[in-house]
Amino acid sequence: MVEAHSINAEHKDLIHDVAFDYYGERMATCSTDQFVKVWDQDEQGTWNLSASWKAHCGSVWKVTWAHPEFGQILATCSFDRTAAIWEEIMGESTEGGTLLRHWVRRANLVDSRTSVTDVKFGPKSFGLILATCSADGVMRIYEAPDSMNLAQWPLQHEVSLKTPSSCLTWNPLLSTFRMPNAMIAVGSDDNSNTTNSKLFICEYNEVSRKWAKTESIASVTHPVHDMIFAPNMGRSFYLLAIATNNIRILKLKPITDTTTGFPYTVETAAEFNDHLCTVWRVAWNITGTVLASSGDDGCVRLWKATIDTWKCVGVLKRDGKLPQPQSKSSQSTTQNNLTRFFKLGQITHPSEVHWH
Amino acid sequence: MYKTSKVEIPKLEVQWSPVHKSKFITWGPDIRMYEVVNTTVSEGSKSSDTPKGLLLSSNTAANLLATSTNHRYVKCIDIYPKPDSETMLAIGHANGKVTFCTFGLATVNNTLAGLELGPISRCSRQCNAISWNPVNYNLLACGLDKYRSDQCIQIWDVEKSPLINTELSPGKPFFEFGTGDTAHSLAWFNSSPHVLAFSCNGKTIRCIDIRDASKSTNITQTRAVYGIDIAVYNNNHIVSYCDNSIVLWDSRHLEKPVVTLTQSKSVLKVQWCPTRQNLLGSLQKDTMAISLHDMQQSLEEAEPSALERTVHPGQGNIHLTSFSWHPTHENRLLAISQTGVLNDYCVFERMTLNWSTTSNIAWTYGQHNLKFISDKDLVYSSFEDVSTIIKMRAFSQYGIKDFAENAKLVDDPIIKNVWSWLDLNRKVTRAGIVPMTPGVPFPGIKTVLGLDSGTFLAKSELKHVQWIDIQGTVKTYKSSAREYALFLCDWGFDRNNTSHISIVLKKLENENSYTRAAAIAIFNLRMRDAIEILNKGANQQPHLNMIAMALSGYSTDKYSMWREMCSITKEKLNDPYLRAAFAFLTSESESHDAVLNEDGIRLEDRIAFASIFLSDTNLSEYINRITNKLLNQGNLTAIFLTGSSPDLVPLLQRYLDSTGDIQTVSILALKIMPSEIVHEHPVMMNWINSYREILNQWRMWNIRAKFDISLKAVKPPPQNVFLSCNYCGKIICPITDEKDKDTEKETKVPRTKDQNENGSNNFKFTSCPNCQSPLPRCALCLAHLGTASAKVPTRKTSGKQTSNSSYVITGQTINSFSYWFSWCPTCNHGGHSNHISDWFKNHLECPVADCVCRCYSLDSTSRYCSV
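Quick note, the sequences are listed as chains G and W, same order.
Sequence positions in the first sequence follow the UniProt record's numbering and run 1 to 356.
Sequence positions in the second sequence follow the UniProt record's numbering and run 1 to 867.
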C-alpha cells in the first residue's frame with residue numbers, strides 16, 4: 001500500500017522550513033511560532049521529536065544543518081533581525097541511561113538591521129562558514145576561525161545588493177576546489193517591479209580577497225522565493241533551480257578560456273508554469289537529477305531530465321494523494337482528519353495512473 | 001444562465017453564513033442564499049442534480065435556495081449568528097431602516113422576521129454598517145449617517161427592547177452613542193463582547209464600552225475609517241482602510257497605527273482570516289487577485305511587516321468585487337466578481353519542502369502537518385530516481401567486485417555490455433592476443449587500429465575471399481591490427497576454421513539469437529550455415545523459414561532479379577540483423593553503408609564487419625564517425641572504441657552529464673584508467689570524491705572503505721597519526737615512513753621484553769624502543785599499551801636469531817583492531833580500543849577516575865553505524 005506518511009509537527013503556526021541533516025536521519029523544522037524543533041528518525045523510519053525550543057523573538061524563516069564533522073550544529077534566521085548558531089549538547093542522563101540532549105545558543109549574529117531571510121552553511125571544504133541575507137539586501141559571510149569555538153563568528157564580508165533578498169544558495173563546490181571558486185546566488189522577492197533582475201551571483205575574488213556581486217541574471221525578473229544549486233556530482237555544469245513565478249532551471253557552464261568577466265555561460269535549461277502563479281520551494285535529490293517543487297496549486301511536482309529535456313515525472317497533491325480528476329473527498333473533509341494516513345491508491349496498471 | 005442577465009449590476013457582495021457552514025448569501029439589488037454542495041459526492045447517486053448548481057470550483061457547486069427581491073437600497077447586511085437558528089439577515093437600508101429577512105422560511109422560533117427597527121428621527125438617514133454581537137446574539141449594532149444631533153451608533157436588543165412593528169410606535173434602542181456624528185463602519189470585539197469599535201466623521205476610530213459609555217474611550221485620528229475588522233485570533237488587531245492604505249491598529253495602543261500597508265490601487269475590502277493567525281485578506285479595485293498579508297511581528301520594537309502574496313480565485317479576467325473567508329474551514333474563501341461569478345477557493349499555505357539524502361521528500365501540509373514519502377513508497381519508484389538505483393547497486397557491492405560480477409549486478413543493458421566487454425578485453429590483453437599499449441591498460445578498438453592520435457591505419461592487405469558454399473568472391477581486408485580489433489569485438493575466432501565458427505554460432509543459437517547467428521554466418525561467407533540456423537530458428541519464429549528460403553536463392557550475380565527484389569523488400573524486415581544480412585548480400589558498392597548504419601545491430605558486430613570488409617580509408621572514416629556520434633550521445637558503448645585512452649574522459653563526462661550515474665563513471669575511471677593518471681586528474685578525482693561523498697551520506701562506510709582501498713591500491717595514503725614516546729618524544733612505531741620501508745627491507749628493532757618471546761606471536765612493545773620508558777597504561781586493564789601500530793612486524797619463523805637484542809622484521813601483518821591505541825582527544829585518556837568501546841557501551845563518562853569527560857558522546861557521529 002502506498003501512503004504519504006504524516007506527522008503532526010505540533011508547531012502552533014505556519015512551518016517555514018524543513019531541513020535534513022547530512023545523513024538524512026535528523027530533521028529540523030521552524031515556524032512563525034518562533035520555535036525550532038528537531039526530529040530524529042528511528043530504525044522503523046518514524047520521526048520522533050527530540051528537541052523543541054523557542055529560538056527567536058519572531059518568525060523563524062530558515063533552519064539549516066552544518067556538516068556533522070563540525071558537530072551537531074544548526075543555524076537559524078528570523079524576522080527578529082538575527083541569525084543564531086545552535087549546538088546540541090549532552091545533558092544529564094536519565095535512569096534509562098539515555099541521554100537528554102538539548103540545544104544551546106552558541107552565537108547570535110546581530111549585524112542585520114532588518115529581517116534575516118536566509119542562512120546557509122558553506123561547503124565543508126571551506127570550514128565553518130555561513131552566509132546570510134536580509135530584507136535590506138545585504139549578503140553577509142561569517143566564519144568561525146576555530147571550529148571548536150562556536151561562540152566566535154566574526155563577520156568577514158558584506159555585500160550590498162540594494163534590493164530585498166529572500167534566499168541564497170552556495171554553489172556546491174567539491175572538496176577538490178578551494179575558496180577562489182566560492183560562489184553564492186542570492187534571490188530577491190522585491191515585488192515592486194518586474195523589470196529588474198531578481199537574481200544575483202556573488203563570487204569571492206582571490207585578488208581583492210573580497211566577496212562581490214559579479215553578475216545579475218537578467219532573465220529572472222519576478223520575485224524569487226527560493227532557489228538551490230543541484231549537487232554537482234561531477235557534472236561539467238552547475239544546475240540552479242529557481243522558484244519564482246514559475247520553475248526555472250538555469251545551467252551554468254564554466255568557460256575555461258576567459259580571463260575577464262563572468263566565467264560562466266548561463267542558459268535556461270527548463271521553465272515550467274504548472275504551479276500557476278507562484279512557486280514556493282524547490283529541492284534536489286542527492287544526485288541532483290530530480291527536482292521537487294511546491295507551489296500555489298497545492299501540489300508537489302517532480303521534474304527530471306532525460307538527456308537534455310526536462311519533464312514532469314510526478315505530481316503529488318499536498319495531502320499526499322495522486323491527483324485524480326474525480327477526487328472522492330473534498331478539501332474540508334480531509335482537513336478535519338489531520339493525523340490520518342492517506343492512501344495514495346494502489347497502482348496495478350501503471351498506464352492508468354494519472355501522471356502528467 | 002440565470003446569472004448572466006444581471007451583468008450590469010455594479011456592486012455584488014458575498015458573505016458566508018456563520019451558522020450554516022455550507023450556506024452563503026450574495027447581495028446586490030437582490031439577496032440570494034445558496035447552499036454549497038460537493039459535486040464529486042453527488043455525482044454517482046444524483047447526477048441529475050449537479051447541472052442545476054452554480055459551479056464554484058472543481059469539486060463544489062452552489063444551489064440557489066432562495067431569492068429575496070423586495071429590498072431596495074440595501075446598504076449593509078449581517079447574518080444572525082445564533083447557532084441552530086434559521087438563516088436570518090439584518091438588513092440596513094439607505095433610509096436608515098433595519099429589516100429582518102428570513103427568505104420566507106420563517107418558523108415559529110423566528111419572531112423577528114418581517115419586523116423593522118426604525119429610525120427614531122423621521123428624516124431618513126443612511127444605515128452604513130450593521131453588526132450582530134458575536135456572543136450576545138440579541139444585540140445588533142447599527143452605524144448611521146449624521147442627522148442633526150442624533151446619535152450615530154444605535155444598539156438594539158432584539159429580544160428585550162420593545163420591538164416595533166412597522167407602523168406602530170418606534171422603539172428605543174438599547175444603547176446610543178455619538179451625538180451628531182456619522183458612523184462609517186463598526187465591529188464587535190469577540191473576546192470582550194461589550195466593546196465596539198467604530199469609526200466616525202471620516203477622521204476617527206474609537207472603541208467604546210457599552211456598559212459605560214462615559215468612560216474614557218480609546219480614540220485615534222485617522223482617515224482610514226472604512227471596513228473595520230477585528231481579528232478572530234488576536235482581538236487586539238484591528239484593521240481598517242481608506243483609499244490605497246490598509247492600516248493596522250492595536251486596540252491597546254490605538255494612538256498610532258501599528259503599520260500602514262500601501263497598495264497600488266484603492267482598497268475595496270479587508271478581512272482577517274478567521275482560521276489562521278495574522279493573515280489578512282484584502283481586495284483592491286479593478287483587480288482579479290486577492291492580496292494576502294501575512295503579518296509578522298516580533299517582540300522587539302521592530303516595525304511589523306507583511307509577507308505579501310496574491311491569489312487568483314477563478315480563471316477569468318473579470319474584476320472581483322468582494323470576497324468572504326469561511327468562518328471555520330481552513331483558509332477557504334469565496335470570491336465574487338463583477339458579473340456575479342462565484343469562486344470557492346482554498347488558499348494553500350506556502351508549502352516548504354525538502355529532499356533528504358536518504359530519499360525522503362518532506363513537505364508541509366496546512367499549518368501544522370508534515371507529509372513525506374520515501375523511496376520505500378511505490379510512488380517514489382515511478383520517477384526512477386537514479387540515486388535509488390545507485391544505492392541498490394552500492395549495497396550489492398557493485399564496483400568492488402570484478403568486471404564480470406559487475407555486469408551481473410546492473411540492469412541497464414549498455415552498462416552490462418560494457419562490463420562484459422571489459423572482462424573480455426582483459427582476457428585477450430592478458431593472454432597476449434592483443435598487444436599491450438603503454439599507458440592504456442584496456443585498449444579500445446581505436447587504439448589497436450592505431451587511430452588514436454590521428455595517425456593512419458596500418459596498411460592492410462586486400463584479399464578476395466571465396467564464399468564457402470557458393471560460387472563467387474568478396475573483397476576483404478586483412479592486417480594484424482584488424483585482427484586485434486576482431487578479438488576485441490569477440491569475433492576472435494579463426495574465420496577459416498569451420499569448427500571454431502560453429503562453436504560461436506552454436507552459442508548464439510542457444511541464446512535464441514538466431515538472426516544474429518545467421519547474419520554472422522553470412523558475414524563470414526557461410527551461406528549454408530546461415531540457412532540451417534534460420535531453419536532451426538523457425539521452430540520458434542516461423543517466419544524465419546521464409547527468410548531461409550529467400551537466402552537459398554542467393555547468387556553472386558550482380559544483376560539477378562533476386563538481388564533486385566531483395567533490395568526492395570529488405571526494408572520491410574523488422575529484424576535489424578536480417579535487414580543487415582540482406583543489405584550485405586545485395587550491396588552494390590563496397591562501402592556497405594546499409595549494414596554499418598544499422599543501429600539495431602550491436603556495435604561490436606558492426607565494427608567487426610567494418611574491420612573485415614572496409615578499405616583502410618573507409619574503415620578509419622567509419623570508426624571516427626561512429627566514435628564521434630556515440631560520444632555526442634554520451635553512449636557508454638563507445639568505450640569499445642576508446643578503451644581506457646584519454647578519450648574516455650569526455651565520454652564518461654558526457655554520459656554523466658546526461659544520466660547522473662556518478663557511480664558507474666567513477667568506478668569505471670577508477671578501474672580501467674591508469675591509476676597514476678586518475679590521481680592527477682582533477683575531473684576524475686572530482687567524480688570519485690563525489691561518489692565517496694554519496695556513500696558517506698548513506699553511511700555506507702564499509703563500502704566506501706573498500707572503494708578507497710581500490711582507489712589507493714597503488715598509492716597508499718600518507719600516515720596521519722604518529723605515536724611518540726611521552727618521555728623521549730621519539731616515534732615509537734617501528735615502521736614510520738614509507739621511504740624507510742622501501743629502502744630498508746629489514747629493520748632492526750631492539751627487543752623489548754623477554755616475555756614476548758614465549759611462544760606468543762604477538763609482537764608487543766610495552767615500552768619505548770628508544771628510551772625504554774614504559775608506554776601509558778590502558779585505563780581499563782591497567783596493562784601497558786602494547787602494540788604500536790596497525791602493522792605488526794612478524795618474526796622470521798626460521799628462528800634464526802642474529803643477535804639477542806633485536807628482531808629481524810621480515811614482513812607485516814595487520815594487527816587486530818582490538819589492540820589498537822585509542823584515546824579521547826579532549827581528555828587524553830585512552831586504552832585498548834576494545835576495552836574502551838566495551839566501557840562506553842554501559843557508561844557515559846571516561847573510565848579514568850575523577851574524569852567527567854563524556855568522551856564517547858562528544859563525537860556526534862558515534863551514534864550512527866555503518867549501513
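Ideal Cβ placement from N, Cα and C applies to all residues, glycine included.
Between which two residues does the beta strand (DSSP E) containing tryptophan 310 (chain G) stretch? 309-317
With DSSP as the reference, identify every bridge partner of glutamine 41 (chain G), one or two as the case may be. G:Trp47
Assign threonine 179 (chain W) to buried or exposed, taking buried as 16 or more other Cβ atoms, counted over all protein chains shown, within 10 Å of its Cβ. exposed
Option in G:Gln152, G:Ala151, G:Leu168, G:Trp153 with minimal Cα separation from valine 159 (chain G): G:Leu168
Would you call the CB atoms of alanine 608 (chain W) and leucine 486 (chain W) closer than 8 Å? yes
So which residues on chain W does asparagine 285 (chain G) lean against when the C-beta distance must stay under 8 Å? Trp355, Ser359, Asp385, Ser387
Please list the partners that glycine 127 (chain G) has in chain W, where partner means a Cβ-to-Cβ separation under 7 Å. Going along chain W, no residue has its Cβ under 7 Å from glycine 127 (chain G), so there is no contact; the nearest lies around 17 Å.
Does serine 112 (chain G) have its Cβ less than 8 Å from a Cβ in chain B? Any reference to chain B falls outside this structure, whose protein chains are G and W.
In chain W, which residues lie less than 7 Å from methionine 90 (chain G) when you measure between Cβ atoms? Arg854, Ser857
How long is the line joining the alpha carbons of cysteine 207 (chain W) and glutamate 176 (chain W), rounded to whole angstroms? 14 Å
Nearest chain W C-beta to isoleucine 249 (chain G) closer than 8 Å, yes or no? no
Taking Cβ positions only, does valine 379 (chain W) come closer than 8 Å to chain G? yes
Looking at the structure shown, is valine 867 (chain W) part of a helix, part of a strand, or coil, going by DSSP? coil
Threonine 659 (chain W) in three-state terms, based on DSSP: helix
Roughly how many angstroms separate the alpha carbons of serine 134 (chain G) and serine 188 (chain G), rounded to a whole number? 10 Å
Can you pull out the residues from the stretch 650-664 of chain W whose beta carbon lies closer than 7 Å to at least one beta carbon of chain G? Gln653, Leu656, Asp657, Ser658, Gly660, Ile662
Can you name, in chain order, every residue of its own chain whose Cβ lies under 7 Å from the Cβ of isoleucine 547 (chain W), other than the five neighbours on each side? Leu534, Leu578
Going by DSSP, what residues sit across from isoleucine 246 (chain W) in a beta bridge? W:Tyr241, W:Leu261
Contact check, alanine 407 (chain W) vs lysine 416 (chain W) under 8 Å by CB: the rounded distance? 5 Å
So, tryptophan 698 (chain W) versus alanine 292 (chain G), is the Cβ gap smaller than 8 Å? no
Would you tell me roughly how many angstroms separate the C-alpha atoms of tyrosine 365 (chain W) and glutamine 271 (chain W), rounded to the nearest one? 24 Å
Please classify methionine 351 (chain W) as buried or exposed, where buried requires at least 16 other C-beta atoms within 10 Å of its C-beta. buried
Do you know how far the Cα of threonine 328 (chain W) is from the Cα of histidine 20 (chain W)? 11 Å
The ligand GDP and asparagine 545 (chain W): does any heavy atom of the ligand fall closer than 7 Å to the residue's C-beta? Because no ligand of any kind appears in the structure shown, any question about the ligand GDP cannot be addressed here.
Which bits of chain W does valine 18 (chain G) rub up against, with CB to CB less than 8 Å? Thr352, Leu353, Asn354, Ala362, Trp363, Thr364, Leu370
Proximal chain W residues relative to aspartate 13 (chain G), where beta-carbon distance stays under 7 Å: Gln277, Gln367
Please name the residue in W:Phe323, W:Met88, W:Ile31, W:Thr39 whose C-alpha comes closest to that of tyrosine 73 (chain W). W:Ile31
Do you know how far the Cα of serine 552 (chain W) is from the Cα of residue 870 (chain W)? This structure gives no information on residue 870 (chain W), because the portion of chain W shown stretches from 1 to 867.
If the cut is a Cβ gap below 7 Å, which residues of chain W does valine 138 (chain G) touch? Those do not exist, as valine 138 (chain G) stays about 16 Å from chain W at its closest Cβ, beyond 7 Å.
Determine the contact status of phenylalanine 840 (chain W) and leucine 785 (chain W), defining contact as a CB-CB distance below 8 Å. no
Give the DSSP-derived three-state secondary structure of valine 14 (chain W) in the structure shown. strand
Inter-residue spacing [alpha-carbon to alpha-carbon] between glutamine 296 (chain W) and isoleucine 228 (chain W): 20 Å
For histidine 312 (chain W), return the contacting residues in chain G, with the cut-off set at a CB-CB distance below 7 Å. Cys277
For my contact list, serine 236 (chain G) and aspartate 657 (chain W) are in at a C-beta cut-off of 8 Å; report their separation, rounded to the angstrom. 6 Å
Could you pull the DSSP bridge partners for isoleucine 373 (chain W) from this structure? W:Ile361
For the putative contact between leucine 199 (chain G) and alanine 185 (chain G), defined by C-beta atoms under 8 Å, what is the C-beta separation to the nearest angstrom? 6 Å
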